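Numbering of the sequence shown is given in the working numbering, commencing with residue 19 and proceeding in unit increments.
Don't be surprised by glycine CBs; every beta carbon is placed ideally from N, CA and C.
The model shown is predicted, which means the values in this text are computed figures rather than measured ones.
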Amino acid sequence: MTIPDWGAVTTPQAQDALTAIVEAFIGPKWDKLDEIEGRIHCIVLSGYAAGGRAPATADVAAAAGLTLDGAASVLRRLSGRDLLILDAGGRISGAYPFTDGPTEHHVEANGLTLGAMCAIDALGIGAMLERDVVIHSACRHCARPLTIRTRCYGREVDQVEPSGIVVWSGHRYAAGCAASSLCTVQAFFCDDAHLEAWRANSPAASREGVRLSLAEALEVGVAIFAPMRMELSPWIPTI
């Protein structure tokens, strides 16, 4: 799997945001991923796409033809790579771009509502599933509800409310976990004024990043998650 698709980003701002995400997170996590790790990772993502929530370890084991202990061992390895999140009991609670945890971002796709880790993840789910989606989120500054509809199988912005939505793509990655660091600084805002107000009152680490138009942020999401579609195809149900 070749992640990201650099051809999907067309502006310097989108390229800068994608470069920062790759350098902080994507590149190191995919190095030397072995065949069974890749297979289990795809099964987990497919489980989210099919059911809207993380699959149980037993279901992952059955799909992969492994014992329960064997599947659990691989899941722990993937967690160590920060490709998925396990809870205290060893159960899957997230796999980028999806999460079962509390989140601002919810994506309607295939009759399901999927939780997304961050704004960029929410924008990438449509292209990953090759489906138009509806994203429900909120302005990080004022908490106003935001709605984004896509077209062209999730690759273009269609209808937006409010009309001035922008995205902040922060650079902070810490403690080997994007969910608790990088994802917290990838956020939607009503407009540039609300983004700047939030930045003015945020810690210095959160102020490092790139301001993206909604179309640019969608390009970044597509670049990261659309390539996963080919890997999902042996596992994902026909949708």
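From the options, residue whose alpha carbon lies closest to that of residue i
| i | options | result |
| --- | --- | --- |
| G264 | V125, D100, A137, S97 | The question about residue 264 has no answer, for the chain in this structure spans 19 to 257. |
| A241 | F206, W186, R217, P115 | P115 |
| Y171 | G144, E41, E53, I110 | G144 |
| S198 | E214, M135, I61, V184 | M135 |
| A82 | Y66, D100, I58, G65 | I58 |
| H123 | D209, A205, A89 | A205 |
| S111 | L164, Y66, D210, V184 | Y66 |
| R162 | R173, Q177, G182, E148 | G182 |
| D150 | A156, A140, R158 | A140 |
| G107 | T117, L101, A90 | A90 |
Buried/exposed call for residue i, threshold 16 Cβ in 10 Å
| i | result |
| --- | --- |
| L104 | buried |
| E234 | buried |
| R169 | exposed |
| E259 | An answer regarding residue 259 cannot be provided, because it is not within the stretch 19 to 257 covered by the chain. |
| R94 | exposed |
| T28 | exposed |
Backbone secondary structure at residue i - three-state DSSP
| i | result |
| --- | --- |
| P163 | strand |
| V151 | coil |
| H189 | coil |
| E234 | helix |
| L67 | The sequence as given places Ala at residue 67; Leu does not occur at that position. Three-state result, A67: helix. |
| D282 | Any property of residue 282 remains undetermined from this structure, which presents the chain solely from 19 to 257. |
Closer than 8 angstroms to chain E by CB, residue i
| i | result |
| --- | --- |
| C195 | In the structure shown, chain E does not exist; there is a single protein chain. |
Problem - Segments assigned alpha helix (DSSP H), at least 4 residues, entirely inside the segment 204–229 - result: The qualifying runs are 210–218.
Handout entry: Three or more C-beta pairs below 8 angstroms linking the segment 188–206 and the segment 223–231
Key = Contact check between the segment 188–206 and the segment 223–231: three or more CB pairs, one atom from each, fall below 8 angstroms, which counts as touching.
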